[in-house]
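Okay, structure first, notes after.
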Amino acid sequence: MRPCNNCEFRPDLYYDAEYQIWVRIEEGGLLSLGMTDISQTRAGRILHVRVRRPGSRRPKGKPVATVETGKWAGPVPNPFDCTIEAANEAVLAAPGRINRDPYGEWIARVRPEQGLAQAVAGLRTGPEAEAGFCARCRDDGIECRRMDA
Amino acid sequence: MSAPARDDRYVDHDAKKVVIVMTSGPSSPGRCATPFFMGALLASMDADVTIFFTMEGVRLVQNGVAENLTAMEGGKRIIDFMRDAKTAGVKFHACRPALPGYDIEPVNLIAEVDEVSSGGALADMILSSDKVLFF
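Going down the list, the sequences are from chains Y and C.
Following the working numbering, the numbering of the first sequence begins with 67 at its first residue and continues without gaps.
Following the working numbering, the numbering of the second sequence begins with 2 at its first residue and continues without gaps.
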């Protein structure tokens, strides 16, 4: 049993204010984005993931990908101005991988337009992020669970 | 020479303006979930989406109706489909001329409604949109 309503938190990652997505710094000035345990749980069994075509410029706030389940559809939001570098082909082929391992499966890899430091400056990380993450789980009554594809 | 096959793994559309005219209501609950699912999906693909509730559709934005309605027995509530669409960026307009026919006062609309609009506003939206869908 994980401490925050069974939702896994990774302190080494960066998060948006609502803990919908995680961001990881990669080599070569890139960032990976994926769905948090909260998001994959709320979405349910993920049936389709589509990423904006590599090379697309995505202003802050414009989605980098769309996700569909049987009863929910929504964006993977983008917290910074960036260009899509790559999609995770394994996730496009088998979207349920996100339900099994949300932090092990990135969705899009992007290059921030203003550099890494500025891109993650507005995100949350570490103990402060963990407190906010757990508060979101508690306040919204989110009990995380993992699903087989 | 044939056109290259579209790679539907990627989203590759220009931004579009879409109006969904929602005329269905509680008398046909099976028609009341998919329009919001489609609205959420279109909005997450960069479309500027407005759902315009008119005819019996205005019942869905009346307080207490969508909260107690499901498309299928035991299924997800219609209000939750509507909230998913709002979260994705869809705007809700309620048709002012349709409200009296269902004894609905504007003050009794759900908080998710962005505007109460005229029939002329709908006509403007239709004429200025890239796509119009009727449900």
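Note that beta-carbon positions come from the ideal geometry of N, C-alpha and C, so glycine has one too.
{"Check": "Which of helix, strand or coil DSSP assigns to Val-108(C)", "Outcome": "helix"}
{"Check": "Any alpha helix (DSSP H) of 4 or more consecutive residues that is wholly inside the region 40 to 117 of chain C", "Outcome": "79 to 89"}
{"Check": "Residue-chain proximity (Lys-137(Y), chain C), Cβ-Cβ < 8 Å", "Outcome": "yes"}
{"Check": "Buried/exposed call for Ile-127(C), threshold 16 Cβ in 10 Å", "Outcome": "exposed"}
{"Check": "The region 77 to 95 of chain C / the region 37 to 54 of chain C touching (three or more Cβ pairs under 8 Å)", "Outcome": "yes"}
{"Check": "Chain-ordered residues of the region 104 to 138 of chain Y with a beta carbon less than 7 Å from chain C", "Outcome": "Arg-116, Val-117, Arg-118, Arg-119, Lys-128, Pro-129, Thr-132, Glu-134, Lys-137, Trp-138"}
{"Check": "Under 8 Å by beta carbon: chain Y residues contacting Ala-89(C)", "Outcome": "Ala-139, Gly-140, Pro-141"}
{"Check": "Leu-158(Y) at chain C interface by Cβ criterion, 8 Å", "Outcome": "yes"}
{"Check": "Own chain partners of Arg-123(Y) with C-beta closer than 7 Å, once the 5 adjacent residues on each side are dropped", "Outcome": "Thr-149"}
{"Check": "Inter-stretch contact at 8 Å, needing at least 3 Cβ pairs: the region 84 to 103 of chain Y / the region 169 to 181 of chain Y", "Outcome": "yes"}
{"Check": "Short CB-CB distance (under 8 Å) between Ala-41(C) and chain Y", "Outcome": "yes"}
{"Check": "Counted within 10 angstroms of its Cβ, other Cβ atoms place Gln-106(Y) as buried (16 or more) or exposed", "Outcome": "buried"}
{"Check": "Residues that Ser-98(Y) bridges to, as DSSP identifies them", "Outcome": "Arg-90(Y), Arg-175(Y)"}
{"Check": "Residue-chain proximity (Ala-83(Y), chain C), Cβ-Cβ < 8 Å", "Outcome": "no"}
{"Check": "Complete beta strand (DSSP E) runs within the region 122 to 154 of chain Y (minimum length 3 residues, chain order)", "Outcome": "131 to 135, 139 to 142, 148 to 153"}
{"Check": "Alpha carbon of Gly-127(Y) to alpha carbon of Ala-41(C), nearest angstrom", "Outcome": "15 Å"}
{"Check": "Same chain, Cβ closer than 6 Å to Arg-68(Y), neighbours up to 5 away in sequence not counted", "Outcome": "Glu-74"}
{"Check": "Whole-angstrom C-beta distance between His-14(C) and Met-39(C), which should lie under 8 Å", "Outcome": "Incorrect: roughly 14 Å between the Cβ atoms, too far for contact."}
{"Check": "Cutoff 8 Å; reference Leu-182(Y); Cβ partners in own chain excluding five residues on either side", "Outcome": "Ile-91, Gly-95, Leu-97"}
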